[in-house]
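This report refers to the structure that appears directly beneath it.
Protein chains: 2
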Amino acid sequence: MKKSLADKIEQYIKVLIARSESDQIEIQRAELAETFSCVPSQVTYVLATRFTERDGYVTISRRGGKGYVRITRCEDTASLREFTELCGFIDELLAYKAISQVEKDLLIYLITNAFKYFNHQQKGQIYDGIKQAISDYVNLHE
Amino acid sequence: MKKSLADKIEQYIKVLIARSESDQIEIQRAELAETFSCVPSQVTYVLATRFTERDGYVTISRRGGKGYVRITRCEDTASLREFTELCGFIDELLAYKAISQVEKDLLIYLITNAFKYFNHQQKGQIYDGIKQAISDYVNLHE
DNA sequence: TCCTCTTTGACCTTTGTTGACTTTCATATA
DNA sequence: TATATGAAAGTCAACAAAGGTCAAAGAGGA
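Taken in order, these protein sequences are the chains called E and C.
For the first sequence, my numbering begins at 1 and goes up steadily by one.
For the second sequence, my numbering begins at 1001 and goes up steadily by one.
Shown next as structure tokens:
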């Protein structure tokens, strides 16, 4: 895959986080931009598109002298959105009697326990895929 | 029969996939079009007519700078060892009345359709995870 | 001829890149 | 203490660089 500048900066930041002890790094926006020979707002763009809470990251920053951007990876909340959505969806299906209580229990158990060896990004994709498939299944059988 | 341009592009892509490690390639639409001296939408046409899910392929793409099209060949899941094992296991559960026919149908549909964006290896891992989880679930409820 | 598949191109949508301008903060200075 | 100054980061809109859509025209075979 040809990597865009944004891709490279993303990867760079992820390596830094991976190497860190506390899943947390502090950078200076201008300095990072300098490293990649681009404008500082490019870094802002990368953070806005690839390090959102949805992606399992939280960033806080301070302006002015000695300013910084701190990026923290929250493994806990990672893929939480998809997980929550999927659970909510399954609840709805039960409410509308599209599935039974027994099926719901099995599904919830499954999605809670079957994918613990995947990283949060993969989990997100898996949950999305399952949601889509269940949705299709229900549509087929209604 | 004379080979159309679309046929040639199709063959070209299939060779690339055959040579790849993971049954998956990434191309740039414009670049491929350049190679065959045609308009980019010709490539789109080839993908739409010869690399559909029915044909056993899944394509995803990204627009914008350094965009790409990723084409994945989804070999028949039935030939995947983990898939076969999982299906067999689910059949057993039904036979022992650990799950109902309804549950079985849902599960089979799910594992057949939910993970098409993953490559072979990842699917294997996913199926293993699901099998383990179902096994645990049944043990808990017997 | 007629029908189906192919080819093309104009226009659309999404994603990435840049730079001018704004806001916030620490610190030096009156 | 109040204010000025400079050094950060944020915002936003214009522009660039991909891929997508769709309809019309072309080509070839039954």
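Ideal Cβ placement from N, Cα and C applies to all residues, glycine included.
The shortest C-alpha to C-alpha distance from A1078/C to any of Y1127/C, S1061/C, D1023/C and T1072/C is the one to Y1127/C. For E26/E, the beta-bridge partners assigned by DSSP are R70/E. Around the CB of E31/E, fewer than 16 other CB atoms lie within 10 Å, so the residue is classed as exposed. Looking at the DSSP output, Y1057/C shares a beta bridge with R1073/C. Secondary structure of R62/E (DSSP, three-state): strand.
Using a 10 angstroms sphere on the CB of K3/E, the tally of other CB atoms stays under 16, which defines it as exposed.
CA-CA distance, G1056/C to V1039/C, rounds to 25 Å.
The DSSP-derived three-state label of Y117/E is coil.
If you look at Y45/E, you'll find it in the alpha helix (DSSP H) that goes P40 to R50. Excluding sequence positions up to five before and after E26/E, its CB lies within less than 6 Å of the CB of Y68 and R70, all in the same chain and listed in chain order. For Y1012/C, the enclosing alpha helix (DSSP H) starts and ends at L1005 to R1019. With contacts defined as CB atoms closer than 8 Å, D1091/C and N113/E fail to qualify as a contacting pair. Of all residues in the region 1009-1033 of chain C, only E1026 and Q1028 come within less than 8 Å of chain E when Cβ atoms are compared, listed by chain position.
Pairing V138/E with L93/E gives a Cβ-Cβ distance under 8 Å. One finds V102, E103 and L106 in chain E with Cβ atoms closer than 7 Å to the Cβ of E1103/C, taken in chain order.
If you draw a 10 Å sphere on the C-beta of A18/E, you find fewer than 16 other C-beta atoms in it, and that means exposed. Residue contact check for L1110/C against chain E: a CB pair falls below 8 Å. Not flagged as an interface residue toward chain C: Q121/E, since no C-beta distance is shorter than 8 Å.
Secondary structure at F1036/C: coil, using DSSP grouped into helix, strand and coil. Here L1080/C carries a coil assignment [DSSP, helix/strand/coil].
Shown here for S1022/C: same chain residues with a beta carbon closer than 6 Å to its own, the five before and five after excluded, namely N1119 in chain order. Comparing alpha-carbon positions, the option among I108/E, R54/E and K131/E lying closest to I1134/C turns out to be I108/E.
Taking 8 Å as the CB threshold, F1115/C lines the interface with chain E.
The beta carbon of K2/E falls within 8 Å of a beta carbon belonging to chain C, placing the residue at that interface. Taking a beta-carbon distance threshold of 8 Å, D136/E counts as an interface residue toward chain C. In this structure, DSSP gives K2/E a state outside helix and strand, which the three-state scheme calls coil. Against chain E, the beta carbon of A1095/C has no neighbour under 8 Å; the closest one sits roughly 17 Å away.
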